[in-house]
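*Asks:*
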Amino acid sequence: MASKDFCLNMPILPKKSSPKASLAAVMGTGLALLSLSACAEKNQLVVDSGVGVASTLSACPNTAIPEHTGDVTIFNPASSRDASAIDVVATITNVRPACDETGAEIYATASFDVQARRSDNRGQRTVTLPYFSTVMRGGNTVVAKRLGSVTLNFADGSYRAEAKASGAGYINKAAATLPEDIRERITRKRKSGDPDAAIDPLSVPEVRSALQRTSFELLIGFQLTQDQLQYNATR
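One point on numbering: in this note's numbering, the residue at position 65 of the sequence shown is 529, and numbering is uninterrupted.
(1) For Thr555, list the residues DSSP reports as bridge partners.
(2) To the nearest angstrom, report how far apart Glu681 and Tyr571 are at their CA atoms.
(3) Quick check: does the Cβ of Val578 come within less than 7 Å of any heavy atom belonging to the ligand ADP?
(4) Around the Cβ of Tyr595, are there at least 16 other Cβ atoms within 10 angstroms (buried) or fewer (exposed)?
(5) Using 8 Å as the cut-off, can you tell me whether the segment 611-625 makes contact with the segment 578-585, which would need three or more C-beta pairs spanning the two stretches below that distance?
(6) Confirm, please, whether the CB-CB distance from Gly631 to Ser679 is below 8 Å.
(7) With 16 other CB atoms within 10 Å as the buried threshold, where does Asn558 fall?
(8) Return the residue from the list Ala638, Ile684, Thr555 that minimises the CA-CA distance to Asn696.
(9) Suppose the cutoff is 6 Å on Cβ atoms and the five residues either side in sequence are ignored; what does the same chain contact list for Ala562 look like?
(10) State the start and end residues of the unbroken alpha helix (DSSP H) segment that holds Ala619.
(11) Please list, in chain order, all residues of the same chain as Arg545 whose beta carbon is under 7 Å from its beta carbon, the five residues on each side excluded.
(12) Could you give the DSSP three-state label for Glu565: helix, strand or coil?
(13) Is it buried or exposed, Val606, if we count other Cβ atoms within 10 angstroms and call 16 or more buried?
(14) Do Asp589 and Phe576 have their CB atoms nearer than 8 Å?
(15) Below 8 Å between beta carbons: does that hold for Thr533 and Phe686?
(16) Taking only the alpha-carbon atoms, compute the straight-line gap between Gly633 and Gly621 and give it to the nearest angstrom.
(17) Below 8 Å on the Cβ atoms is my contact criterion, and I expect Lys637 with Ala523 to pass it. Report the Cβ-Cβ distance as a whole number of Å.
(18) According to DSSP, Gly603 sits in a beta bridge with which residue or residues?
(19) Any Cβ of chain B within less than 8 Å of the Cβ of Ile646?
(20) If we count the other Cβ atoms within 10 Å of its Cβ and call it buried at 16 or more, is Glu565 buried or exposed?
(21) For Pro541, count the other beta carbons within 10 Å of its own beta carbon; 16 or more makes it buried, fewer makes it exposed. Which is it?
Structural data, given as structure tokens:
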């Protein structure tokens with residue numbers, strides 16, 4: 465069955481992901497996720513003319529940057545953590561998600577910019593930074609992980625450099641598609657006086673479980689060392 469958007473006539477169920485488990489799986493430590501975008505237009509709550517709210521879900525994954533992995537600081541010397549030893553600081557910004565649902569698998573991409581500043585503008589310099597793109601399912605299971613690198617070219621006399629990069633991942637469309645009976649339970653219109661009019665379908669355990677199983681995320685971030693991650697988390 466092809467994956468299509470559909471409207472909810474009840475509030476959308478927040479993802480019951482485990483941020484600590486998510487980043488532990490991606491980076492090897494327990495830190496939270498910072499969501500950047502989630503097909504924002506499709507997941508935005510909109511007041512409907514009837515009872516409740518309307519929202520659109522898509523099989524496309526949410527796109528997010530795990531907290532503390534959106535920037536990286538390079539020190540010189542590498543063992544120092546003094547402000548005077550900061551050499552280069554780079555940040556991931558302007559994340560632009562895209563999604564192709566036309567095939568048997570969903571192909572999700574996220575292009576982004578990397579902006580960097582160095583402390584010494586003398587001479588031309590090239591800095592290459594590793595980054596990851598990871599597909600997560602249900603907030604705590606790694607489906608796939610890819611590593612890439614982005615190269616920043618500082619011109620002589622320039623403190624700043626910028627480069628573009630992208631991450632991508634494939635998602636099984638069937639795994640990301642809600643079963644028809646669950647979709648019907650969520651989207652069925654209810655009228656005042658119906659036996660189940662006061663029951664939020666998203667509060668039903670099997671519905672919540674199905675939404676959890678079919679939820680995916682494409683995570684983008686710098687592939688940090690343990691020391692770099694610790695610095696970001698504690699500064």
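The beta-carbon is built from N, C-alpha and C at its ideal position, and this holds for glycine as well.
*Replies:* In terms of the structure at hand:
(1) Partner(s): Asp535, Gln579.
(2) Using only the alpha carbons, I get a separation of about 12 Å.
(3) Questions concerning the ligand ADP fall outside what the structure shown contains, since it holds no ligand whatsoever.
(4) Burial call: buried.
(5) Three or more Cβ pairs drawn from the segment 611-625 and the segment 578-585 lie within less than 8 Å of each other, which places the two stretches in contact.
(6) Not closer than 8 Å, so no.
(7) Exposed, by the Cβ-count rule.
(8) Cα-wise, what sits closest to Asn696 is Thr555.
(9) Setting aside the 5 residues that flank it on each side, Ala562 is surrounded in the same chain by Thr573, each with a C-beta closer than 6 Å to its C-beta; the list follows chain order.
(10) Where Ala619 is concerned, there is no enclosing alpha helix (DSSP H), given that its DSSP letter is neither H nor E.
(11) Non-local beta-carbon contacts of Arg545 in its own chain, meaning distances under 7 Å to residues more than five positions away in sequence, involve Phe539, Tyr695 in chain order.
(12) Looking at Glu565 - three-state DSSP - the assignment turns out to be coil, as it is neither helix nor strand.
(13) By the neighbour-count rule (16 or more Cβ atoms within 10 Å), Val606 is not buried but exposed.
(14) The displayed chain sequence assigns Arg, not Asp, to residue 589. With respect to the 8 Å criterion, Arg589 and Phe576 are not classified as neighbours on the basis of their beta carbons.
(15) Yes, they are a contact pair.
(16) For Gly633 and Gly621, the distance between alpha carbons rounds to 38 Å.
(17) Yes, Lys637 and Ala523 are in contact; Cβ-Cβ is about 6 Å, under 8 Å.
(18) In the DSSP output, where bridge partners are listed per residue, Gly603 has none listed.
(19) Note that chain B does not occur in the displayed structure, where there is just one protein chain.
(20) By the beta-carbon neighbour count (other beta carbons within 10 angstroms, threshold 16), Glu565 is buried.
(21) The residue in question, Pro541, is exposed, as its Cβ has fewer than 16 Cβ neighbours within 10 Å.
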